[in-house]
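Q:
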Amino acid sequence: MRIFVAFEGLCESFDISPENTVQDIKLMIKDYFHVPLSEDKQGRRYLELIYAGAVLKDNWVLADEEDKPIFYVYNPVTHERLPIMGRISLLSSKVSELKTLVTLKCGFPSSIYCLRTPEGREMFDCNTPNDYHLDIGTTLRLDVWNGWREFLTSCILGNKPKIQYYLSKEEPILSEFKEKPWLQQLNIARTLARKSICKPTY
Numbered sequence: 001m002r003i004f005v006a007f008e009g010l011c012e013s014f015d016i017s018p019e020n021t022v023q024d025i026k027l028m029i030k031d032y033f034h035v036p037l038s039e040d041k042q043g044r045r046y047l048e049l050i051y052a053g054a055v056l057k058d059n060w061v062l063a064d065e066e067d068k069p070i071f072y073v074y075n076p077v078t079h080e081r082l083p084i085m086g087r088i089s090l091l092s093s094k095v096s097e098l099k100t101l102v103t104l105k106c107g108f109p110s111s112i113y114c115l116r117t118p119e120g121r122e123m124f125d126c127n128t129p130n131d132y133h134l135d136i137g138t139t140l141r142l143d144v145w146n147g148w149r150e151f152l153t154s155c156i157l158g159n160k161p162k163i164q165y166y167l168s169k170e171e172p173i174l175s176e177f178k179e180k181p182w183l184q185q186l187n188i189a190r191t192l193a194r195k196s197i198c199k200p201t202y
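With UniProt numbering as the guide, the letters of the sequence shown map in order to residues 1 to 202.
1) Starting from the N-terminal side, write out each stretch of the alpha helix (DSSP H) that is 4 residues or longer and does not extend beyond the region 52-115.
2) Excluding the five sequence neighbours on either side, which residues of its own chain have a C-beta within less than 6 Å of the C-beta of S96, listed in chain order?
3) Assign I50 to one of three DSSP states: helix, strand, or coil.
4) Just the Cα atoms here: how many angstroms apart are F4 and C11?
5) Output needed for Y51: all residues of its chain with C-beta closer than 8 Å, excluding positions within five of it in sequence on either side, in chain order.
6) Between I136 and I70, is the Cβ-Cβ spacing less than 9 Å?
7) In the structure shown, what three-state DSSP assignment does E8 receive?
8) With burial defined as no fewer than 16 other Cβ atoms inside 10 Å of the residue's Cβ, what is the status of T100: buried or exposed?
9) Tell whether a beta-carbon distance below 9 Å holds between Y72 and L140.
10) Which residue's Cα is closest to the Cα of I84: L104, P76, R149, V77?
11) Within 10 angstroms of its Cβ, does M1 collect 16 or more other Cβ (buried), or is it exposed?
12) Using CA atoms only, rank isn't needed, just tell me which of K160, F14, R116 is closest to Y74.
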């Protein structure tokens with residue numbers, strides 16, 4: 001495959017193998033441009049490869065990442081591990097954009113959950129995945145806010161009495177949500193129904 005590298009005002013093409021790592025390509029660039037490099041960022045010259053705003057790590061293989069999940073998200077409500085597809089630029093996009101992809105995948109409104117790193121750090125919408133030093137293929141955790149897990153689990157299991165209880169005036173957990181348009185609740189129900197996980201109880 002052919003790549004193009006921009007370096008100090010120059011743009012050169014390199015023919016590489018899809019199996020080449022980023023470190024391999026750095027060595028090619030170093031030899032081609034005669035760049036004296038140091039082993040760490042404290043040195044005089046330090047080479048980084050950036051693609052679509054994301055810094056590429058040395059052990060990554062430079063291949064077409066579009067057909068591979070950028071992240072996985074574990075949903076504790078459904079116990080699913082959801083693959084999140086996208087370009088490598090997702091690493092440098094806002095977490096809010098990542099949550100949009102997660103919402104499309106699981107059907108949960110982004111306002112009722114947060115994403116956490118494998119270490120448990122909450123990922124804030126205004127930050128990027130790069131801010132949390134995440135690698136491609138990392139499994140994130142979806143955490144729904146208090147009260148929502150029980151409600152969503154009831155929806156998934158088709159437990160009509162519990163659903164009615166959570167939507168009743170006696171249950172304060174969802175009162176703030178009930179003040180908003182019913183459209184969001186209907187969207188949740190439609191999504192769960194499309195996934196064939198809303199099972200009626202008799």
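The beta-carbon is built from N, C-alpha and C at its ideal position, and this holds for glycine as well.
A: In this structure, then:
1) Restricting attention to alpha helix (DSSP H) runs no shorter than 4 residues, the region 52-115 encloses them at 95-106, ordered along the chain.
2) Once the five neighbours on either side are set aside, the close Cβ partners of S96 are D125.
3) In the structure shown, I50 sits in a strand (DSSP, three-state: E or B).
4) Going from the Cα of F4 to the Cα of C11 covers about 6 Å.
5) Only I88, S89 meet the Cβ criterion.
6) Yes, they are a contact pair.
7) Correct three-state label for E8: coil.
8) Label assigned to T100: exposed.
9) For Y72 and L140, yes; Cβs fall inside 9 Å.
10) Checking every option, the nearest Cα to that of I84 belongs to L104.
11) With fewer than 16 neighbouring CB atoms inside 10 Å of its own CB, M1 falls in the exposed class.
12) Taking each of K160, F14, R116 in turn and checking the Cα distance to Y74, the smallest one comes out for R116.
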